[in-house]
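Here's the structure, in structure tokens; my notes come after.
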Amino acid sequence: MAQIVLFENIHASARAVFAAAGYTDIATFSSALPSAELQAALRDAEIVGIRSRTQMDRDALAAAHNARVIGCFCIGTNQVDLDGAMQRGIPVFNAPFSNTRSVAELVLGEAILLLRRIPEKNLRVHQGHWDKTAAGAFEARGKTLGIIGYGNIGSQISTLAEALGMRVVFHDVEAKLPLGNARAATSMAELLEQADVVTLHVPGGKSTENIIDAAALSRMKRGAILINASRGGVVDIPALHAALTSGHIAGAALDVFPTEPKSADEPLDSPLLGLPNVILTPHIGGSTQESQENIGREVAEKLVRFMEFGTTKGAVNFPELPFIEQSGCARLLHVHRNQPGALATLDSLLASHGLNIVGQTLQTNGEIGYVLTDVDGDVTDAVMVALRDHPITIRCDRTA
Ligand code: NAI
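Spelled out as structure tokens, the structure:
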């Protein structure tokens, strides 16, 4: 049975999935390891599980010469040399959806707190003041929530917000099915002009940099609220600071920042510090016990599916093949250089060993091809050696 090595205190839910699938040879480490120790720990690993701090760089990949698959038990995957892993025929999986609900709940909670001006009122009570007033405090019911980016998180917020009685309008660069009674705005400008609360759920990067700038903020209704739990570069912070201090924007909640502290002791550097109508959180939108548990389960299931069936759907660096029921006696997972005749070469190699192909599915991504082949016949060690030794082959395995 494959050896599994898990780093960085991955949630016990992962171990439960592995155990249910019969994988019991599991080594665990409570933290990320320095390079030399990491390489030693990886020596026999076939399944590698990491979180964001373990650097699966070129040297680590070379040390992990038995590795068949890597699971990032987190969202980001830039701690892995993804291209290097692909070149070695190793798919890399992550958990892009497991913390969706956690972000959605935080955003709605913040919308309610800001509509009621709770951050300021909380501060005043702590300071010895008892400002009992309804001025500037509103219910969420009946207010318009504008969601920019109607993907996993944006659409989840949409249904929760409607349950609170909010009206939902959204803007996305792709055509999206509106959930419930939500309505697609004709443009981001139209959304900004209508919404009492605007929340951002777009990806980071050049295409979304500062989409909320001074001009966008000035389109928002006077007294509106802005929430950003997506990526720090999406909001022009000096422009938001100006809109908050002028009173045009009544409140804001930010979970992400253009530059974020690298350690617990480093303070955030932002002009928004100290503003009483601003909630600042340390990029914890997706950080809950439930999301950690979900991540453990989601990634472990993807790793087991790959080992049992060769499924690579959702892999971040690899041709994606969906779950396919096994049709023959044995299944071969073959990764090869994507060049003309590769599949024909593989098939004639199998035929020369008396193996009859009963099912075959190929997917390529430009550089490599990945093919699942179900065969009838005896896949002996000699067949595996012949397949692995062939110059077209990057990697070849049998399913568990
Ligand atoms: P997703 O990929 O499911 O959805 C993003 C949506 O934005 C897509 O529908 C896309 O078409 C749309 N989009 C892209 N560019 C756009 C633009 N210029 N205008 C309008 N729509 C645009 O992503 P998901 O999972 O919903 O995550 C959204 C964001 O939240 C990401 O930036 C992610 O990194 C961040 N995030 C933050 C967390 C936190 O802890 N604060 C935790 C999880 C995700």
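The sequence shown begins at 13 in my numbering and counts up one residue at a time.
Every residue gets a Cβ at the ideal spot worked out from N, C-alpha and C, and that includes glycine.
Here the structure is a predicted model, which means the values were calculated and not measured.
In the DSSP assignment, the residues bridged to A39 are V17.
For the set D386, V328, V395, the Cα lying nearest the Cα of G101 is the one of V328. In the structure shown, the three-state DSSP call for L54 is coil. Judged by beta-carbon spacing, M232 lies within the 8 Å limit of L204, meaning their Cβ atoms are closer than that value. The alpha-carbon of I82 is positioned some 39 Å away from that of L284.
The beta carbon of H365 sits closer than 6 Å to those of V395, all from its chain and outside the five residues before and after it, given in chain order.
Distance check between Q375 and each of V391, R349, R128, I369 places R349 closest, using alpha-carbon atoms only. Under the criterion of beta carbons closer than 8 Å, Y162 and D143 do not qualify as touching, at roughly 38 Å. In this structure the stretch 375–384 touches the stretch 338–347; the number of beta carbon pairs closer than 8 Å is three or more. Here Q139 is exposed, its C-beta having fewer than 16 other C-beta atoms within 10 Å. Counting along the chain, L362 sits inside the alpha helix (DSSP H) bounded by residues 354–364. Bounds of the alpha helix (DSSP H) holding A201 are 200–206. In the three-state DSSP reduction, H23 falls in the coil class, being neither helix nor strand. Three or more beta-carbon pairs separated by less than 8 Å are not found between the stretch 388–404 and the stretch 122–131, which leaves the two stretches without contact.
Within the model, the alpha-carbon separation for L172 versus Q51 is close to 45 Å. For A241, the Cβ falls inside the 7 Å cut-off from some heavy atom of ligand 1.
If the five residues before and after A255 are omitted, its C-beta is found closer than 6 Å to the C-beta atoms of L229, I261, all from its own chain and listed in chain order. Restricting attention to beta strand (DSSP E) runs no shorter than 3 residues, the stretch 132–206 encloses them at 156–160, 179–183, ordered along the chain. In this structure, the CA atom of A53 is about 22 Å from the CA atom of D95. Here L191 has S167, S170, T171 as same chain residues with Cβ atoms under 6 Å from its own Cβ, once five neighbours each way along the sequence are excluded. Minimum Cα-Cα distance from L212 among the listed residues K314, A227, V268, V316 corresponds to V268.
Taking 8 Å as the upper bound for CB-CB distance, I239 and S282 are not in contact here, some 16 Å apart. Taking 7 Å as the cut-off, one finds no heavy atom of ligand 1 near enough to the beta carbon of P294.
Rounded to whole angstroms, the separation of the alpha carbons of N306 and T36 is 20 Å.
If you draw a straight line from the Cα of I16 to the Cα of L315, it comes to about 10 Å. Just so you know, the alpha carbons of A187 and T198 end up roughly 11 Å apart.
Annotation: D277 is outside any alpha helix (DSSP H) and is labelled neither H nor E by DSSP. Between E332 and L189, the alpha-carbon positions lie close to 25 Å from each other.
Annotated as proximal: A26 and A312, with beta-carbon spacing under 8 Å. Assignment of H260 by DSSP, reduced to helix, strand and coil, places it in the coil class.
Placement of the Cβ of T112 at a distance of less than 7 Å from at least one heavy atom of ligand 1 is found. According to the DSSP assignment, L125 belongs to the alpha helix (DSSP H) that extends over 112–127.
Proximity to L127 across F150, A146, A227 peaks at F150, based on C-alpha coordinates.
At a cut-off of 7 Å, the beta-carbon of P215 counts as near ligand 1: some heavy atom of the ligand is closer than that. Not one heavy atom of ligand 1 lies closer than 7 Å to the C-beta of K218.
Counting along the chain, R407 sits inside the beta strand (DSSP E) bounded by residues 405–410.
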